[in-house]
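In what follows, a single structure is set out as structure tokens and then discussed.
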Amino acid sequence: MSPGTDTARPPNSLGLEELPLDIEAQIVALDAPPGREAGDLTERLAEMGFLPGERVRLLARALFGEPLAVRVGSDTFALRRAEAACIRVVALAGVPAAAP
Amino acid sequence: MNALAREPLVALVGNPNCGKTALFNLLTGSRQKIANYAGVTVERKEGRLRTASGHRVRVLDLPGAYSLRPRTPDEQITCDFVLGRLPDERRPDEVVAVVDATNLRRHLRLVLALRRLGQRIVVALNMVDLAERRGIRVDAAALSRELGLPVVETVGVRAGGAAALIAHLDATHAPSPAPAPADASTAAAGASASVAADLATVAGDQHEVERILTRLGLERVRSDTLSDRIDRVVLHPIAGPLILAVTLFLIFQAVFVWAKPFMDAITALIAALAGGVARVLPAGPLESLLVDGVLAGAGSVLVFLPQILILFAFILLLEDSGYLPRAAFLLDRLMGSVGLSGRSFIPLLSSFACAVPGILAARTIPNERDRRVTILVAPLMTCSARLPVYTLLIGAFVPARTLALGIGLQGVVLFVLYFAGVTGAFLVAWVMKRLHGSAALHPLQMELPTYHVPSLRNLGIGLLQRVEVFVKRVGSIILALMVLLWFLSSFPAPPPGATGPAIEYSIAGRIGAGLAVLFAPIGFNWQISLALVPGIAAREVVVGALGTVYSLAATGSDVAGQIAPLIAREWSFATAAALLAWYVFAPQCLSTLVTARRETNGWRYPLLMVAYQFTLAYVAAGVTYHLCRAWAGAA
């Protein structure tokens, strides 16, 4: 892990998998647990549009809490909890989620 | 260089779900050739297009890719092809970068990556109709200025929707002896550096896309509200699985109920043909080869075509509409618990018609381990070839009694057999997971595209292509094997004055007698053991083979009607139940094994398949046989 990714983890951030449904949040960092495929995983997420600064929202959780349907930009992706955990987000207070 | 080689070659590149295939269908119509790229199981789709001024252009539909940094075999092919790195392929003269106008934010990033390759590019701004309906107006001229690339608007699902693209290709590829615009070697050298995109490059591209979108006044994200409303129900943790279950139930009803009259018609047609041949030709080896070998062989494949067509029609409709990835989403956790992934759902669903198209569909699974396990368990889904065997045995041994609420006992037994197959598949997958261990982080990363109204044109073309692949692959293998098995069960002919059925004296008969020793402990008599031998080519042939063994003159569908009362008298219930249990796991299907060998590039998986299926079938049949006998003894 480079020091850059370590510092890019603000104290009030949480993993995307912890975000409640329909709460708008902003990505602050991509942070995969160290391992052989860590770089690959974050790059793949980045290519799908999960980049710092982008807004995300959880649309649905399947039965037993996994996988998650995640909105980023105008795309929806299905992610497992472990993948979503690599995406650190900050909930955007005062930004109401889209009405159902 | 010949004239053909100088025909311009254009490749369609784009993210998955950009409407690329619909656009390709529109450009080339049904003039498409489907093959594999050399050495890999990635589908290569090429077509030809004639422009207004009569030029011919070769068009290639490359597999969808999220980036030029390849992670799946599909993406590897797309990347290598664009770079001109594939040994048997030439570098395209122009790349058509297909982008979804409703989703420029993501799709333009791929365009930026392509632009770095120094390749000639035209951007096809696809689905402009959908974008306008959603209030997204993209100024094509402004986009072209910002990108420094030509941009044409297209609507892949409307006749004439590719006119602007065809006009562009017509203008840029007038036949001339001039070489391709970019010098391949320098472009490729520059590319190899830029392909190695890292996080910083992706982020940089994202900023550039953001800048372009802001210039075009498109920076506000608009999602499809109807699609979101559908997802609120379809992805709901309780309602979602219920909707999926009902959908699957309706599909199965359709596959078995709607297909019936067509299957009867095909059976009747084959029988009529066989009758015709028998009248014209004198009885003898040639007549027998044509009737029992070729016609019976072709018939045994073709009879399942209606079921396969109906199942594929549903799969294509669900795929085109965007529902299939949602089904995979809902099932991911369940399938993940045994080491499969939600993506295994589509191949396994196809396997209920036939394991061969199911195994082919496993190509869409990016994770190699998942793909191989899916292939391994696909034959445990009850394919329609087992149905004739099930119907025969259930009809003969299970009383047609109504249990409650109009649910028949026979139907319940059939459901139990299907369920046993699925349970077996999950069990095998789970054992494989235990043996191999699973990767620490196993990404799903599956796009849930916006819902679309499916296009009938794409449905038609898709069905035609799948039928062609199926008939060619299975037809050729089964036909050859049927002829071989006809030979084995016809020669040597019985000695003069022989009393038993002719097959008893043939090579197949001797094999059957030998097998009877092996199968006696699980309750199979020598007639069953013998009938299992031709069943290796195709399971449903067993019904006909039993007819032969019991010296019935009838062929095809009549056999079932005549043999049911006969075996009901001759066999014990335990034997029939054991045979049913055997067929839940039955290993005999050569076309599946051959397909698995091709798709996994070796004999390891097909051999593993034979071994585990034989073991499971033998154990299941044995346990069933002895339990039934013990139960009958106690009663």
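Chains as they are written, first to last, in my numbering: chain S, 260 to 359; chain V, 30 to 664. Backbone N, C-alpha and C define an ideal beta-carbon position, used for all residues, glycine too.
At a cut-off of 8 angstroms, the C-beta of glutamate 276 of chain S has no neighbouring C-beta in chain V. Between phenylalanine 53 of chain V and chain S, the shortest Cβ-Cβ separation is not below 8 angstroms. Here arginine 85 of chain V is bridged, per DSSP, to V/Arg79.
Contact with chain S is found for valine 250 of chain V, since one of that chain's Cβ atoms lies less than 8 angstroms from the residue's Cβ. For arginine 347 of chain S, no CB of chain V lies under 8 angstroms from its own CB, so it is not counted at the interface with that chain. Across the set V/Thr243, V/Trp287, V/Thr50 and V/Asn487, the C-alpha of V/Thr50 shows the shortest separation from the C-alpha of aspartate 129 of chain V. Proximity of tyrosine 95 of chain V to chain S, defined by a Cβ-Cβ separation below 8 angstroms, is satisfied. In the three-state DSSP reduction, aspartate 129 of chain V falls in the strand class (E or B). In this structure, the beta-carbon distance from glutamate 118 of chain V to arginine 85 of chain V does not fall below 8 angstroms. Contact between the stretch 418–425 of chain V and the stretch 372–387 of chain V is absent: fewer than three C-beta pairs spanning the two stretches fall below 8 angstroms. About 11 angstroms separates the beta carbon of leucine 194 of chain V from that of threonine 201 of chain V, a gap too long to meet the 8 angstroms contact definition. Shown here, alanine 328 of chain S sits in a strand according to DSSP, grouped into three states. Listed along chain V is no residue with a C-beta nearer than 7 angstroms to that of serine 272 of chain S; the closest approach is about 18 angstroms.
Valine 482 of chain V and alanine 607 of chain V have their C-alpha atoms roughly 47 angstroms apart.
One finds nothing in chain V with a Cβ atom closer than 7 angstroms to the Cβ of proline 293 of chain S; even the nearest lies about 11 angstroms away. Against chain S, the beta carbon of alanine 274 of chain V has no neighbour under 8 angstroms; the closest one sits roughly 12 angstroms away. Close to chain V, meaning a Cβ-Cβ distance shorter than 7 angstroms, are the following residues of the stretch 312–327 of chain S: Leu318, Ala319, Arg320, Ala321, Leu322, Phe323, Glu325 and Pro326. Judged by DSSP in its simplified three-state form, glycine 43 of chain V adopts strand. Between the C-alpha atoms of valine 157 of chain V and valine 250 of chain V there is a straight-line separation of about 16 angstroms. Neighbours of methionine 364 of chain V in chain S, taken as residues at a C-beta separation under 9 angstroms, are lacking, since the least C-beta distance is about 11 angstroms.
Taking a Cβ-Cβ threshold of 7 angstroms, the residues of chain V close to aspartate 334 of chain S are Asn132, Arg135 and Glu476, in chain order. Within the DSSP secondary-structure output, alanine 337 of chain S pairs in a beta bridge with S/Ala328 and V/Met475. Spatial neighbours of proline 521 of chain V in its own chain (CB-CB distance under 7 angstroms, excluding positions within 5 residues in sequence) are listed in chain order as Tyr534 and Ser535. Between the stretch 435–445 of chain V and the stretch 352–363 of chain V there are fewer than three inter-stretch CB-CB distances shorter than 8 angstroms, so the stretches are not counted as touching. Taking a Cβ-Cβ cut-off of 8 angstroms, the neighbours of leucine 310 of chain S in chain V comprise Val231, Ala232 and Gln235, given in sequence order. With a cut-off of 8 angstroms on Cβ pairs, the stretch 540–559 of chain V is not in contact with the stretch 393–407 of chain V, counting fewer than three such pairs. According to the DSSP secondary-structure assignment, glutamate 182 of chain V is paired through a beta bridge with V/Leu154. Of the candidates V/Ser370, V/Arg398, V/Arg372 and V/Met410, V/Met410 places its Cα closest to the Cα of alanine 384 of chain V. Beyond the five residues adjoining it in sequence on each side, arginine 330 of chain S comes within less than 7 angstroms, by CB distance, of Val315, Arg316 and Leu318 in the same chain, given in chain order.
When DSSP states are grouped into helix, strand and coil, arginine 626 of chain V belongs to the helix group. The C-beta of alanine 288 of chain S comes no closer than 8 angstroms to any C-beta of chain V.
Neighbours of aspartate 361 of chain V in chain S, taken as residues whose beta carbon is under 8 angstroms from its own, are Ala321, Glu325, Pro326, Ala337 and Arg339 in chain order.
In terms of beta-carbon proximity, glutamate 306 of chain S lines the interface with chain V, with at least one pair separated by less than 8 angstroms. The residue among V/Pro472, V/Thr254 and V/Gly43 with its C-alpha nearest the C-alpha of glycine 164 of chain V is V/Thr254. Excluding sequence positions up to five before and after glycine 450 of chain V, its CB lies within less than 7 angstroms of the CB of Leu409, Met410, Thr411 and Val613, all in the same chain and listed in chain order.
Residue ranges of uninterrupted beta strand (DSSP E) with 3 or more members, entirely inside the stretch 391–463 of chain V and ordered along the chain, are 431–433.
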